[in-house]
Amino acid sequence: MNYWLVKSEPEEFSISLLKKKRTTGWEGVRNYLARNYMRDFMKNGDLVLFYHSNAEPSGVAGIARVSQESHPDPSQFERHSDYYDPKSKRESPTWMMVELEFVEEFPAIVALEVLKEQKSLEDMPLVKKGTRLSVMPVKPAEFELILKLAKAKTKA
DNA sequence: GCCAACGTTGGC
DNA sequence: GCCAACGTTGGC
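The opening residue of the first sequence carries number 945 in this note's numbering; numbering runs sequentially from there.
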């Protein structure tokens, strides 16, 4: 099993909304590297850290799970969608997505500030300056540490 | 195929 | 709301 992190602006789509909806198609990813991770490497059952960006505070808000592997993102063909891509053809769609299901909402956000303090997380693209990747792989040790930080916060 | 201009991301 | 850093586009 692999671990991942996806970013979302909570005003757009938050962990609480995922909790309410239970599952969602992870549509709207329009970056090739992020697409490739979804298309080629995200497998059913993989666990996904759900990160709130542009938030107060920004940080990891919970966990989701891959519930359906790569398939074409329908929004690329929807003329009125923000994610419409006129260059993409139905016979050979440019953009792929996975489906995510809700697993857990952390009692408190594990803030970016806290993640940055962790020496062992310094290799994560998330904490690197200038990285805007919205879907990224996470190492098992990184995943476990973030989970531990989420639990530590609960006790405080 | 270079690279300037542009649009977007996302922390602050 | 600002703006640095980045990815993409398009003229040449």
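Beta carbons are placed, not taken as given, at the ideal position from N, Cα and C, and that holds for glycine.
Inset, instruction - Could you pull the start and end residues of the alpha helix (DSSP H) that SER958 belongs to? - result: Per DSSP, SER958 belongs to no alpha helix (DSSP H) and is neither H nor E.
Inset, instruction - Compute the distance between the beta-carbons of ARG974 and TYR1028, then report whether it is under 8 Å. - result: no
Inset, instruction - Label GLY1074 either buried or exposed according to how many other C-beta atoms from any shown protein chain fall within 10 Å of its C-beta, with 16 as the threshold for buried. - result: exposed
Inset, instruction - Output the distance between the C-alpha atoms of LEU1044 and GLN1012, rounded to the nearest integer angstrom. - result: 7 Å
Inset, instruction - Within 10 angstroms of the Cβ of MET1080, are there 16 or more other Cβ atoms? Answer buried if so, exposed if not. - result: That one is buried.
Legend entry - Delimiting residues of the beta strand (DSSP E) encompassing LYS1060: Careful: LYS1060 lies outside any beta strand (DSSP E), inside the alpha helix (DSSP H) at 1056–1061.
Inset, instruction - Grab me the residues of SER997's own chain with a C-beta within less than 6 Å of its C-beta, minus the 5 sequence neighbours each way, in chain order. - result: LYS951 and GLU953
Legend entry - Where the alpha helix (DSSP H) through LEU949 begins and ends: LEU949 -> not in any alpha helix (DSSP H); beta strand (DSSP E) instead, spanning 947–952.
Inset, instruction - Tell whether a beta-carbon distance below 8 Å holds between VAL1047 and TYR947. - result: no
Legend entry - Short Cβ contact (8 Å threshold) for PHE994 with ALA978: no
Inset, instruction - Identify which residue in PHE1021, LYS987, GLU1088 and TYR976 has its Cα closest to the Cα of VAL1042. - result: LYS987
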